[in-house]
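Which chain is which? The protein sequence lines are A and B, in order. Residues 1 to 187 in this note's numbering are what the first sequence spells out, letter by letter. Residues 1 to 177 in this note's numbering are what the second sequence spells out, letter by letter.
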Amino acid sequence: MQKKESNKLYQKLIDKVIKVAYGDAKIVERLYIYFKALTNKEVNKILEEFKHTSNAVHNIKQEEAPEQLINAVKINTSGKRQNGFFGSSLSSAFFMFFGKRAITATVVGIALVLIVSFLVFRTLGPTHKYSQAQIELAEKQFRQSMAIVGEAFQNAEKSFSDEVMNKQVNKNLNRGYYLVNNILTGG
Amino acid sequence: MMSSAKFDYLIKQHKNKIFNYAIYMMKNQMDAEDITQEVLIRTWENINKFNFYAAKGWIMRTTHNLCVDYLRRNKRMNYKEVQIDEEYHEEITDLGLECNPEKLADKIITDTEIKEAIERLPERFKSPFVLYELQEFKYKEISRILDVPLNTVKVNILRARKQLQKELKQYAKERVK
Chain A
1 MQKKESNKLY
11 QKLIDKVIKV
21 AYGDAKIVER
31 LYIYFKALTN
41 KEVNKILEEF
51 KHTSNAVHNI
61 KQEEAPEQLI
71 NAVKINTSGK
81 RQNGFFGSSL
91 SSAFFMFFGK
101 RAITATVVGI
111 ALVLIVSFLV
121 FRTLGPTHKY
131 SQAQIELAEK
141 QFRQSMAIVG
151 EAFQNAEKSF
161 SDEVMNKQVN
171 KNLNRGYYLV
181 NNILTGG
Chain B
1 MMSSAKFDYL
11 IKQHKNKIFN
21 YAIYMMKNQM
31 DAEDITQEVL
41 IRTWENINKF
51 NFYAAKGWIM
61 RTTHNLCVDY
71 LRRNKRMNYK
81 EVQIDEEYHE
91 EITDLGLECN
101 PEKLADKIIT
111 DTEIKEAIER
121 LPERFKSPFV
131 LYELQEFKYK
141 EISRILDVPL
151 NTVKVNILRA
161 RKQLQKELKQ
171 YAKERVK
């Protein structure tokens, strides 16, 4: 009974060793087996053996399917096939790119995000809707500011005619006329 | 037009997988070629019936079924598969210990020897083993292709590894002699 139990445990250990050797064991199992292999010579031997086989299996090169076979298939199906624009090398490139689910999903995802974000930003963009009261206020303020500017121009004109023209220009002109008259009349 | 492009793409992607799987199952190139051709023609005939992204699984399932049909038809199916029980495990484990691994490691196992050893595996071990180790399918995919439970796939792959080890040790032993 005890022997059977220990044999079962040993089988489980061997199974783990095989999984580790073939590289599909979990990290915990891997650490456990590597530790076991360090302390137990037999486990180490079995691990090395299976690793050796595993490497050999994984290094087997795949055989190429004969080209004439593929050509024969293409000829067999050519009657039903149409090779238009999309049946050219462009289509091959298309399927090379979109032939994988992950790539297609990524491209579709990006396109969806772009479309959704475009629509969202378009509707949330700046809107210029003012109320009637705001428009009236703005008009009133515009008129006031125009009145202030007009008044400033009027003041400037008045001071120009009073101060500059009368005092500075007209006075000197009168004095000039007076002198010319005196000279002409000989006074 | 799209169908042609799809088909060309699928041929490019899977022709070698189909051919290699058929070789391991049929054990000869002629039958493997016949199977490959048949699978590709069936793929073309059903191109619009299966999901393009699940084509890999569909193609391999078709390949496997055709191989099984061929073997049955040619009466080559070996029904005397190794009995799997506790003794079987013991036998393999014992063999693992009795052979000198240092000597074994010194021997270079050739591709041909390994291929022959794989070919000699019982069909129920060989199919999952080839799909998993050589064609890099996942357990789930293999389960779908072979239409067997996931755990059966795992167990059969493990048994295939043990059986293969046993076969290769036999080679090594013969060489030492």
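Beta carbons are placed, not taken as given, at the ideal position from N, Cα and C, and that holds for glycine.
Query raised in the report: Among the residues of its own chain, which have a CB less than 7 Å from the CB of residue 206 (chain A), if the five just before and after it don't count?
Result: This structure gives no information on residue 206 (chain A), because the portion of chain A shown stretches from 1 to 187.
Report task. Give a yes or no on whether the minimum CB-CB distance between residue 5 (chain A) and chain B is below 8 Å. Result -> no
Query raised in the report: Assuming residue 157 (chain B) contacts residue 129 (chain B) under a Cβ cut-off of 8 Å, what Cβ separation, rounded to an integer in Å, is found between them?
Result: 6 Å
Query - Buried or exposed (CB count within 10 angstroms, at least 16 for buried), residue 169 (chain A) - result: exposed
Query - Short-range partners of chain A found in the stretch 31-59 of chain B, where Cβ spacing is below 7 Å - result: Of all residues in the stretch 31-59 of chain B, only 33, 36, 37, 40, 41, 44, 53 come within less than 7 Å of chain A when Cβ atoms are compared, listed by chain position.
Requested in this report: With DSSP as the reference, label residue 135 (chain B) as helix, strand or coil.
Outcome: Residue state for residue 135 (chain B) is assigned as coil, using DSSP reduced to three classes.
Query raised in the report: Looking only at its own chain, which residues have a Cβ that is under 7 Å from the Cβ of residue 44 (chain A), when we skip the five neighbours before and after it?
Result: 37
Query raised in the report: Alpha carbon to alpha carbon, how far is residue 181 (chain A) from residue 171 (chain A)?
Result: 16 Å
**Report entry** CA nearest to the CA of residue 155 (chain B), picked from A:5, A:15, A:6
**Finding:** A:15
Query raised in the report: DSSP three-state call for residue 121 (chain B): helix, strand or coil?
Result: Of the three classes helix, strand and coil, the one that applies to residue 121 (chain B) here is coil, per DSSP.
Requested in this report: Report the option in B:122, B:22, B:64 whose CA atom is closest to the CA atom of residue 34 (chain B).
Outcome: B:22
**Report entry** Nearest neighbour of residue 143 (chain B), chosen from B:6, B:32, B:4, B:58 [CA to CA]
**Finding:** Of the listed residues, the one whose Cα sits closest to residue 143 (chain B) is B:58.
Query raised in the report: By a C-beta neighbour count over all protein chains shown, 10 Å radius and 16 as the cutoff for buried, is residue 161 (chain B) buried or exposed?
Result: buried
Requested in this report: Under 7 Å Cβ to Cβ from residue 3 (chain B), same chain only, skipping five residues before and after it: list those, please.
Outcome: 47, 48, listed in sequence order.
Report task. To the nearest angstrom, report how far apart residue 133 (chain B) and residue 118 (chain A) are at their CA atoms. Result -> 47 Å
Query raised in the report: Given residue 32 (chain B), which residues of its chain have a CB within under 7 Å of its CB, disregarding the five upstream and five downstream residues?
Result: 19, 22, 23, 26
Query raised in the report: Secondary structure at residue 90 (chain B), three-state DSSP: helix, strand or coil?
Result: Legend: pLDDT at residue 90 (chain B) = 41, less than 50; position of this residue unreliable, value from coordinates given subsequently. Three-state DSSP puts residue 90 (chain B) in a helix.
Query - Contact check, residue 11 (chain B) vs residue 70 (chain A), beta carbons under 8 Å - result: yes
Query - Reduced DSSP category for residue 64 (chain A) - H, G, I as helix; E, B as strand; rest coil - result: coil
Query raised in the report: Beta carbon of residue 153 (chain B), beta carbon of residue 171 (chain B): below 8 Å?
Result: no
**Report entry** Helix, strand or coil at residue 118 (chain A) [DSSP, three-state]
**Finding:** helix
Query - Which of helix, strand or coil DSSP assigns to residue 9 (chain B) - result: Here DSSP, grouped into helix, strand and coil, assigns residue 9 (chain B) to helix.
Query raised in the report: Can you tell me whether residue 70 (chain B) is buried or exposed, with buried defined as 16 or more other CB within 10 angstroms of its CB?
Result: buried
Requested in this report: State the DSSP-derived secondary structure class of residue 55 (chain B), mapped to helix, strand or coil.
Outcome: helix
Report task. At 9 Å on the CB atoms, spell out the chain A contacts of residue 145 (chain B), in chain order. Result -> Within 9 Å Cβ-Cβ: nothing; residue 145 (chain B) doesn't reach chain A, min ~17 Å.
Report task. Report yes if the C-beta distance between residue 182 (chain B) and residue 60 (chain A) is below 8 Å; otherwise report no. Result -> This structure gives no information on residue 182 (chain B), because the portion of chain B shown stretches from 1 to 177.
Query raised in the report: Are the Cβ atoms of residue 52 (chain B) and residue 17 (chain B) separated by less than 8 Å?
Result: Against a cut-off of 8 Å, the Cβ pair of residue 17 (chain B) and residue 52 (chain B) comes out as no contact.
Query raised in the report: Can you tell me where the alpha helix (DSSP H) with residue 208 (chain A) in it begins and where it stops?
Result: There is no way to answer for residue 208 (chain A), as the model of chain A reaches only from 1 to 187.
Report task. Step through the CB atoms of chain A and report whether any lies within less than 8 Å of the CB of residue 142 (chain B). Result -> no
Requested in this report: Would you kindly work out how many angstroms separate the C-alpha atoms of residue 49 (chain A) and residue 42 (chain A), rounded to a whole number?
Outcome: 11 Å
**Report entry** Exposed unless 16 or more other CB atoms sit within 10 angstroms - verdict on residue 118 (chain B)
**Finding:** Buried, because 16 or more other Cβ atoms sit within 10 Å of the Cβ of residue 118 (chain B).
Requested in this report: Whole angstroms is fine: what's the gap from residue 146 (chain B)'s alpha carbon to residue 173 (chain B)'s?
Outcome: Going by the C-alpha atoms only, they are around 34 Å apart.
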